[in-house]
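Chains as they are written, first to last, in the UniProt record's numbering: chain L, 1 to 240; chain G, 1 to 240. Glycine residues also receive a C-beta, built at the ideal position from the N, C-alpha and C atoms.
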């Protein structure tokens, strides 16, 4: 999934994490002062505090009253991306520090099988578009994805879009911006035929995220299976 | 992690999911009426509605005003356990439909290395207890776990506890009940030496959850690495 817009606060949160990486801060290290960070990022203090609050809630930062903000031990776990954040695969890949290229492996018009139809809340046999892509960085394959979209979204123009670009951005332009998803994660290997066809035998264990993406009006616009290379990605979350 | 108590509403939520499995309900199928479910589960209507509301929020159930409750397409994804729920490995294993046996592979008193010390917010070299266990069902290995606990929690009695039982229940009895965690998930293989030593070569890809567990007062009481057999488990979540 791609998501064209990220709120200022989210962007700032990510910039603070980048700063933590750049400064090689470890557990117990003090972050720069509010004043220094507001200047560095050219943002207002209230916006900065909102982003810092997010990181505090994610247990990345500990606040010691009167002393400042310190990197929490949890930061080691939490600097990975929150698994509960809806964002594009491209954003997720780049936030892990990779510069990604997208390779279009194929697209086709297909009839929905029973499972895919149920995922997209469509009748069995409904026309879908199936898009198969590979994200790589420096020649290393990172994410193998298959996306299914209702054919009806595209009118007669489904061969026109540039499928190597952001599907979410494309949907947003069509007024169908995906804003949330329900998802499922497990560990698996790439399907053997896929690994062979695309020379991905060395991909290793994959974190498979299956996802149904919803537009703001609740309609289902994408069903996606994203295989994240296990050695390259991890995701964080809080359990209560 | 073990968690001794589950709220009535959570328990009822899980019982409703079990019922959905038992009745082999699929997408679009109607659930029994509120009256039928209240009788079946011997609970009050407000408690029942609270559990159903949870399932609605998790996109397992669709409510059609005046018509009743129906299994949502998302149910197929969401009947897996929410990854954001803090619960014991035993509870999680049994909610996936397995009857688990716990095998104690080893325990030892060790000095904290830098990473483990940071995870538990202790100085490097602090004394820890390391517990290594395997959950299986019907002879099939399901979860390989290593837990580290601050030695200081146990006074001089650390050899006494029954490490094949619930660590969380044990901590609860000691007034250190873990109530939440920060965690990280990735796909990997078992460490080769572990696989060989414990004859787990056929375990396959694992969903590794690394977790820092917190007692109610915010102290860190467990650092755990749980390798979930990929072919046996999946977890659900919502992205926004």
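Query, Result
"Contact check, residue 187 of chain G vs residue 106 of chain L, beta carbons under 8 Å", "no"
"Any chain G beta carbon closer than 8 Å to residue 205 of chain L", "yes"
"As assigned by DSSP and simplified to three states, the class of residue 152 of chain G", "helix"
"Close beta carbons around residue 102 of chain L, own chain, < 7 Å, minus the five adjacent residues each side", "133, 135 and 164"
"Within-8 Å CB hit, residue 111 of chain G to chain C", "Of the chains in the structure shown, none is chain C; the protein chains are L and G."
"Member of G/48, G/52, G/35 and G/61 whose CA lies at the smallest distance from the CA of residue 25 of chain G", "G/61"
"Partner residues on chain L for residue 188 of chain G, Cβ-Cβ distance less than 8 Å", "187, 205, 230 and 231"
"Residues bridged to residue 184 of chain L [DSSP beta-bridge criterion]", "L/210 and G/236"
"Any alpha helix (DSSP H) of 4 or more consecutive residues that is wholly inside the UniProt domain \"HTH gntR-type\" (6–74) of chain G", "8–22, 34–41 and 45–57"
"Limits of the unbroken alpha helix (DSSP H) element including residue 90 of chain L", "89–95"
"Simplified DSSP state of residue 170 of chain G, which is helix, strand or coil", "helix"
"Euclidean distance between Cα positions of residue 151 of chain L and residue 130 of chain G", "54 Å"
"Sub-8 Å separation of residue 200 of chain G and residue 127 of chain G beta-carbons", "no"
"Cut-off 6 Å between Cβ atoms - residues of its own chain near residue 83 of chain G, not counting five sequence neighbours on either side", "235 and 237"
"For residue 81 of chain L, the nearest candidate out of L/68, L/58 and L/121 (CA to CA)", "L/58"
"Residue 33 of chain G, buried or exposed, once every other Cβ within 10 Å from all chains shown has been counted against 16", "exposed"
"DSSP state of residue 229 of chain G mapped onto helix, strand, coil", "strand"
"is_contact[residue 168 of chain G, chain L] using C-beta, thresh 8 Å", "no"
"Residue 122 of chain G (DSSP reduced to helix, strand or coil)", "coil"
"CB contact check: residue 239 of chain L to chain G, cutoff 8 Å", "yes"
"Best match in G/122, G/178, G/213 and G/190 for proximity to residue 227 of chain G [C-alpha to C-alpha]", "G/190"
"Proximity test, Cβ basis, 8 Å: residue 236 of chain L and chain G", "yes"
"Under 7 Å from the C-beta of residue 86 of chain L: neighbouring residues of chain G", "239 and 240"
"Extent of the continuous alpha helix (DSSP H) run through residue 197 of chain G", "192–197"
"Rounded C-alpha distance that separates residue 109 of chain G from residue 176 of chain G", "20 Å"
"Which listed residue (G/10, G/68, G/183 and G/168) has its alpha carbon closest to that of residue 35 of chain G", "G/68"
"Whole-Å CB distance - residue 182 of chain G paired with residue 212 of chain G, under 8 Å assumed", "5 Å"
"Reference residue 168 of chain G; option with closest CA among G/184, G/155 and G/149", "G/149"
"Test: residue 5 of chain L CB closer than 8 Å to a CB of chain G", "Residue placement at residue 5 of chain L cannot be trusted, given a pLDDT of 44 that sits under 50; what the coordinates show is reported in the next sentence. False, the Cβ-Cβ gap to chain G never drops below 8 Å."
"Which residues DSSP lists as bridging residue 107 of chain G, in chain order", "G/131"
"Residue 88 of chain L versus L/56, L/123, L/166 and L/185, residue with shortest Cα-Cα distance", "L/166"
"Close beta carbons around residue 122 of chain G, own chain, < 7 Å, minus the five adjacent residues each side", "112 and 150"
"Distance between residue 44 of chain G and residue 139 of chain L (C-alpha atoms, nearest Å)", "59 Å"
"Inter-residue spacing [alpha-carbon to alpha-carbon] between residue 54 of chain L and residue 117 of chain G", "25 Å"
"Chain G contact for residue 2 of chain L (CB, 8 Å cutoff)", "In this predicted model, residue 2 of chain L has a pLDDT of only 38, less than 50, meaning its place in the structure is not dependable; the value taken from the coordinates is given anyway. It does not; no Cβ of chain G falls within 8 Å."
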